[in-house]
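*Asks:* One structure coming up, written as structure tokens, with questions to follow.
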Amino acid sequence: YRPIAAMAKKVREYRALKNRPRDSQRFALDYETMRRPLTQKRLPVRAWEDVRNEHRLFALLCRLPRFGVGRTVTRKSWLWAHDEPCYWVITRVRADYTAENMDHGRAWGYLTFRGKTEEEEREIEQPMYHDWRVVPKHEEEAFKEFTPVPEETVRFVPYPPLLRAMILARWQKEGKPITEEPLIDLQKL
643 YRPIAAMAKK VREYRALKNR PRDSQRFALD YETMRRPLTQ KRLPVRAWED VRNEHRLFAL
703 LCRLPRFGVG RTVTRKSWLW AHDEPCYWVI TRVRADYTAE NMDHGRAWGY LTFRGKTEEE
763 EREIEQPMYH DWRVVPKHEE EAFKEFTPVP EETVRFVPYP PLLRAMILAR WQKEGKPITE
823 EPLIDLQKL
């Protein structure tokens, strides 16, 4: 056992942890060249329009009182992809005050995705994406209003092709007339 080497290793790990770039440095963006200053990687061309016209989550929350706690936020991509309401209700926020324009940090909330609300509070994923929108207070009730469509329970499904061919061959061998498609009854399983 080498206690000095072990302690030196812990010190190196601690320094590496302290020197790692913050999210505000990792996800910073030069809006003229569309490059990340830390890595010099360029954003995909398809993302440029959204980056110029849309906002990050914290760019919106830093304008609101109490960083938007209690407010409803959604994403443009969700609005396009799903008919059911998809949104976060912000419960707590930890902003990165060292970031330029205070547009970085961590936020937590309750997720409602496709009309189903999760019971647990969790950290909001992808706050650095440029497609966040705050739902105006006077529209929140209408936005959250949703009557779920009853899910259809499927009782019968078709057999896989090889099994279907085997069943049809057996029926033909037995002399049964083939009038209907063979189906699996899921209630019996």
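Residue numbers for the sequence shown follow the numbering used here, so the first one is 643 and each next one is one higher. Beta carbons: idealized from backbone N, C-alpha and C, even for Gly.
1. Can you round the beta-carbon distance between D665 and D738 to whole angstroms, since I take them to be within the 8 Å contact cut?
2. Roughly how many angstroms lie between the CA atoms of F798 and K830, to the nearest whole one?
3. Let me know the secondary structure DSSP gives R812 once reduced to three states.
4. Since R698 contacts Y771 with CB under 8 Å, what's their CB separation in whole angstroms?
5. Are V776 and Y729 closer than 8 Å when you measure CB to CB?
6. Is the CB-CB distance between F700 and H746 below 8 Å?
7. Quick check: the stretch 746-756 against the stretch 699-715, are at least 3 beta-carbon pairs closer than 8 Å?
8. Identify which residue in R806, T733, A670, V711 has its Cα closest to the Cα of T740.
9. Sorted by chain position, which residues of the same chain lie with C-beta nearer than 6 Å to W720's C-beta, five sequence neighbours on each side aside?
10. According to the neighbour-count rule (16 or more other Cβ atoms, all chains shown, within 10 Å of its Cβ), is I646 buried or exposed?
11. Can the beta-carbon of D692 be found less than 8 Å from the beta-carbon of D773?
12. Can you give me the C-alpha to C-alpha distance between I820 and M808, rounded to a whole angstrom?
*Replies:* In short, the structure shows the following:
1. Contact flag correct, Cβ pair sits at about 7 Å.
2. 10 Å
3. Helix, per DSSP.
4. That belief holds up - the Cβ atoms of R698 and Y771 are roughly 7 Å apart, short of 8 Å.
5. No, they are not a contact pair.
6. yes
7. Judged by pairs of C-beta atoms under 8 Å, the stretch 699-715 touches the stretch 746-756, as three or more such pairs exist.
8. A670
9. C728
10. exposed
11. Yes, they are a contact pair.
12. 13 Å
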